[in-house]
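Each protein sequence line maps, in turn, to chains A and B.
Each residue of the first sequence is one higher than the last, beginning at 194 in the numbering used here.
Each residue of the second sequence is one higher than the last, beginning at 74 in the numbering used here.
By construction, the Cβ of each residue, glycine as well, lies at the ideal position given by its N, Cα and C atoms.
In this text the structure is predicted, and so the values were computed from the model without any measurement.
Below: one structure, written as structure tokens.
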Amino acid sequence: MIVQDIMTTKLVTVAPDDTLSHAANLLRQYQIHHLPVVRQIRLPAGVQKTGYSVQKTLLVLQGLLTSQDIDLVVALDKHRSSGDLLQRPWYEKQVGEVMHSASIRVTPLTNAGAAAELLVERGWNCLLVVEYQQVEGVQQAQTILVGLLTRSDLLMALARAMGIFEPGMQLLIPLPLGDMTPLAKTLLLTTELHVQVHSVMVVPQDRRPRVATLRLGTINPSPLLIRLREENIEYTFADPLLEGDAQ
Amino acid sequence: MTQLSEQFPASPPAARARLIFDPGELRYNFGADHPFQSRRLVALIDLLEKCGLWNSEDEQTRLPLRAVTIEELSLIHTADYIEAVQQLSVGDMEVRAPVEREALQRLEYQYGFGEGDTPAIPDMHNVSAKIAGGTLVALSAVMGLPEGGTFATEDERPLHVFHPAGGLHHAWAERASGFCVYNDISVAIAQVLRSSKAKVLYLDFDAHHGDGVQRSFYDEPRVMKISFHETGRYLFPGTGDVLELGKGVGRGYTVNIPLEPFTEDDSYNEAIDSLLHPLITYFAPDVIVSAHGCDTHAWDPLTHLKLTLRGIQRQIKVTHQLAHTYCEGRWVALGGGGYDLFRVVPRAWGMVWAEMSDQALPKELPAEWIERWRPEWLAMEEQEEIAQEVMGKASSAVDFPTTFMDRADDFPAQQRRWNINKANRLTVALVRHLLVPPPVRLAFPTVPRETLGSPLLGLFDLLHLHGTATPSRSKIIETKKGEILLRDFCPPSFVERLKPDDGLRAFARFPEREHRLLLGISKSPDCALTLAHTPTGEIVGEVTMAPGDSFWDGIENVYEVAIEVSSNWRGMGIAKATLAFALELDALEDMILFAIGLSWHWDVEGLGISVHRYREMLAHLFGLQGFVEYPTTEPNVRMEPGNILMARIGSRVDPRVASQFYNRLLSTPTLAGL
Chain A
194 MIVQDIMTTK LVTVAPDDTL SHAANLLRQY QIHHLPVVRQ IRLPAGVQKT
244 GYSVQKTLLV LQGLLTSQDI DLVVALDKHR SSGDLLQRPW YEKQVGEVMH
294 SASIRVTPLT NAGAAAELLV ERGWNCLLVV EYQQVEGVQQ AQTILVGLLT
344 RSDLLMALAR AMGIFEPGMQ LLIPLPLGDM TPLAKTLLLT TELHVQVHSV
394 MVVPQDRRPR VATLRLGTIN PSPLLIRLRE ENIEYTFADP LLEGDAQ
Chain B
74 MTQLSEQFPA SPPAARARLI FDPGELRYNF GADHPFQSRR LVALIDLLEK
124 CGLWNSEDEQ TRLPLRAVTI EELSLIHTAD YIEAVQQLSV GDMEVRAPVE
174 REALQRLEYQ YGFGEGDTPA IPDMHNVSAK IAGGTLVALS AVMGLPEGGT
224 FATEDERPLH VFHPAGGLHH AWAERASGFC VYNDISVAIA QVLRSSKAKV
274 LYLDFDAHHG DGVQRSFYDE PRVMKISFHE TGRYLFPGTG DVLELGKGVG
324 RGYTVNIPLE PFTEDDSYNE AIDSLLHPLI TYFAPDVIVS AHGCDTHAWD
374 PLTHLKLTLR GIQRQIKVTH QLAHTYCEGR WVALGGGGYD LFRVVPRAWG
424 MVWAEMSDQA LPKELPAEWI ERWRPEWLAM EEQEEIAQEV MGKASSAVDF
474 PTTFMDRADD FPAQQRRWNI NKANRLTVAL VRHLLVPPPV RLAFPTVPRE
524 TLGSPLLGLF DLLHLHGTAT PSRSKIIETK KGEILLRDFC PPSFVERLKP
574 DDGLRAFARF PEREHRLLLG ISKSPDCALT LAHTPTGEIV GEVTMAPGDS
624 FWDGIENVYE VAIEVSSNWR GMGIAKATLA FALELDALED MILFAIGLSW
674 HWDVEGLGIS VHRYREMLAH LFGLQGFVEY PTTEPNVRME PGNILMARIG
724 SRVDPRVASQ FYNRLLSTPT LAGL
């Protein structure tokens, strides 16, 4: 899985010369916490970028503004002595004065695992996804914003991979010998019995697979379970002993 | 709590309970090898008649049903899904031309009929519409709505209705799931929501989570959804965690109690006892809809729960009692799952009817009945035995029951019972902690006043700062054209199910466009939407509250109020009543509200009055709510002399903010921009 598969591409952005007041409105309206700061370059008609979303404008990345930044500025504002007339109130300040440069970025092809590690290691909530592109009429390659990867995106990707957004049940197939034969046989049976498989997960422990977790789209598992027993394939489907030990 | 029946008078209601059963419903049947079989209803009715509990000829205890209309179905289901169900109702696919067959198969896969569980069956649309109609009639009759039929006197109108074929709680808006085609429960409840101001309690005792109903009303605080089920860790549909609490204004109105596999009677009843009363005291419903799926029974081949009829009887009695304590008796009971077709289902649901109609249960099952149904059970006994065993339920070769209640000896104690009960207690404690009063809102702490200053605080939080009040109120007003329902903070699901009156075009010119606009407003956390609608679901007026546009940037808590009443409904006091209702808010005094009247939007021709007169009317309407007219340089207002700006500055608004507002009113545009 790479960043491109799970990133957000519907972006809400601000420009460096927007006011903080405008930024605050956007954060509130969309109930989000991160606003990439961009400068827009209109592309000549007919040129449509391929890739992650069809765009008529390129978003040249300038930085990142978060809801924390705004709360901080507001708090400082309240502390300021009221006689200080030269200072502008927070809502008249410009985004460009407050934003971060967000110099650590990822590209659409970055491995999702690497991005996850980066977020956890640095304690961040969000990574900007960029591409470096040559733009007509400009010498240097430009940093073009193509997406945003937040912790929420990663969590939703995990949940989707586990198949839990579809109504279904869960079956555990132990793999005692560390080989996949029981799983393979089970999958053959699901095909034979027309049982939908939403997801299959095998997470190795000590480099050896121990158990396969299947999510099956059925309310009626009996026919499959009966066949599994006939074929001598072990399975766990809510074992009271296992449950008790988990407590 | 042991002598439940003594706590409320058991006088005449026998005449006020009715049962809905239509032979046509038996065609909701998925074939001989399928676990869901309508034979179980035949066995139920036969048992009731043989015990003398119910007679299909008796006009006093039965209620005729009608099929739901497409319009009623589309309250819950998408148009394309209903269309697909109709197309798939054709029956025998083998005789079709290959091209056509392929198209139908594609439909099957797209809408949840493809693999296994819920195969498409002949005439599926009509049969399912009939079942949905039964539940709709049942609930409407209990609520005294016209769809429930007319009754000679109020005493004739049923207080309790049992519809055993209903309870198809897995169906989604756009797909069939878990043996369910149309979600009869959701359709009936949605119908009640649009034509009354009632609050509905939905109690789901089926062993599987009631995911379809939860999805239909996830953002709806007028429906409390309480589901007791086996945890979704292993069992279908996998959802139903305690932490699924609802969203938007509906947060805190979805209650899930996922119980451990192999839970027995005592632990189950403990969960019911510690949760139902407190939750319902807090919610104060007007009617209870309960689904009594009896696949919780120890003999059921599809789940791991291990109740006996003792536990199942308890849930039925408690529901009956709750209905009398909190809802003046209004109660609709439904069937649902139950796959031990002959040993469990008839007895469990016979119990529902006996309890509802205040009749004593016979101790023994009629010999004649046993004689008829035992052979049918024997024919499938072996299969059932194996199915139970593969589920991990200890098989205990038990013969066909001869008594109404289960014999305790037939149910050996579950291994590790102590651990299971302890795990259930933890679950119940978590539910209580998150959802139960007195500190009902412990899970959703109100925003402390200090944070009022944060510009990131949305309108909903602002209005519910002191919030114990219900997140969405309803009220009925009388007009000369009939009743109009008012509702504030309408959740998106509710707005979606209404339709615009054709005279509603001042905001967006076309009623359909206006409907989409209103839907957008209801979805925005920083806006508030109050609607006036008819009992048949036409929107006739609205009051919206939205943050002021960029002209007002930087001033805290400035919101624009706008109002519209459909041209077909003017002059009946709807505008006045709706505006007053929308502004009955505690946080009003913390806010600056303004309203702008732009003369080019005014329907002066339709009303036959001058611009000046209209302006006065508007000023008067808002004046009643404490709005005062201000001169302003706001660019839109300045364009025409007829235009008007009115504002109301709350008494708790910081004077500095108020003066900021006054300055902005007259600021020159060049300065106001930045």
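Please return the same chain residues whose Cβ sits closer than 6 Å to the Cβ of residue i, not counting the five positions on each side in sequence.
i	result
K272 (chain B)	R295, P358 and D359
C563 (chain B)	S595, L602 and L604
F81 (chain B)	Unreliable positioning characterises F81 (chain B) in this predicted model, as indicated by a pLDDT of 42, which lies under 50. The coordinate reading is nonetheless provided below. If we look at F81 (chain B) and ignore the five residues flanking it on each side, its Cβ neighbours are H397.
A668 (chain B)	V634, F695 and M719
D95 (chain B)	L138
S363 (chain B)	L276, T392 and A406
D575 (chain B)	P584
Apply the 10 Å Cβ neighbour rule to residue i and answer buried if 16 or more other Cβ atoms are within range, or exposed otherwise.
i	result
V787 (chain B)	Residue 787 (chain B) is absent from the structure shown; chain B starts at 74 and stops at 747.
G164 (chain B)	exposed
M664 (chain B)	buried
L349 (chain B)	buried
V396 (chain A)	exposed
P171 (chain B)	exposed
M292 (chain A)	buried
H391 (chain A)	buried
T142 (chain B)	exposed
Under a CB-based cut-off of 9 Å, is residue i close to chain C?
i	result
Q222 (chain A)	Of the chains in the structure shown, none is chain C; the protein chains are A and B.
Just checking my contact of residue i with residue j at CB under 8 Å: how many whole Å lie between their CB atoms?
i	j	result
G239 (chain B)	G408 (chain B)	6 Å
G410 (chain B)	G366 (chain B)	4 Å
G283 (chain B)	S300 (chain B)	5 Å
P573 (chain B)	E556 (chain B)	Actually they do not touch by this definition, with Cβ atoms about 18 Å apart.
L254 (chain A)	I234 (chain A)	11 Å between Cβ atoms; not a contact.
D292 (chain B)	S566 (chain B)	5 Å
Using the C-alpha atoms, what's the distance from residue j back to residue i?
i	j	result
D314 (chain B)	E359 (chain A)	14 Å
L161 (chain B)	Y184 (chain B)	10 Å
Q733 (chain B)	A619 (chain B)	19 Å
Q461 (chain B)	K390 (chain B)	28 Å
E523 (chain B)	A268 (chain A)	Note that E523 (chain B) scores 42 on pLDDT, short of 50, meaning its location in the model is unreliable and no value can be drawn from it.
E678 (chain B)	N709 (chain B)	22 Å
Q440 (chain A)	L204 (chain A)	Bear in mind that a pLDDT of 38 at Q440 (chain A), under 50, signals an unreliable position, so the model cannot answer this.
P414 (chain A)	E424 (chain A)	16 Å
S724 (chain B)	E662 (chain B)	5 Å
V568 (chain B)	S129 (chain B)	40 Å
A579 (chain B)	V616 (chain B)	13 Å
A244 (chain B)	G289 (chain A)	51 Å
F103 (chain B)	F109 (chain B)	7 Å
L220 (chain A)	M373 (chain A)	48 Å
G371 (chain A)	H387 (chain A)	27 Å
Q332 (chain A)	R408 (chain A)	53 Å
F624 (chain B)	R288 (chain B)	40 Å
Give every residue of the same chain whose Cβ lies closer than 7 Å to the Cβ of residue i, excluding the five residues on either side of it in the sequence, and list them in chain order.
i	result
I443 (chain B)	F473 and T475
Q280 (chain A)	R273
Q326 (chain A)	A334, Q335 and I337
M197 (chain B)	V158, L161, S162 and V254
Y632 (chain B)	L532, M618, A619, P620, G621, M664 and L666
E441 (chain B)	K123
L368 (chain A)	P375, L376, P402, R403, V404 and A405
Under 8 Å Cβ to Cβ from residue i, same chain only, skipping five residues before and after it: list those, please.
i	result
L117 (chain B)	P237, V418, P419, W422 and G423
F186 (chain B)	L161, L180, P192, A193 and A249
N641 (chain B)	D574, D575, G576 and V613
Based on Cα-Cα distance, which residue from the options lies nearest to residue i?
i	options	result
N492 (chain B)	B:H302, B:Q698, B:E333 and B:R306	B:E333
V200 (chain B)	B:L241, B:G610 and B:R179	B:L241
Q389 (chain A)	B:P108, B:P714 and B:Y182	B:Y182
A452 (chain B)	B:P704, B:L414, B:A486 and B:D483	B:L414
A261 (chain B)	B:E227, B:E229 and B:L218	B:L218
R91 (chain B)	B:H233, B:D626 and B:E455	B:H233
S672 (chain B)	B:G644, B:L652 and B:G715	B:G715
L342 (chain A)	A:M200, A:I195 and A:M194	A:M200
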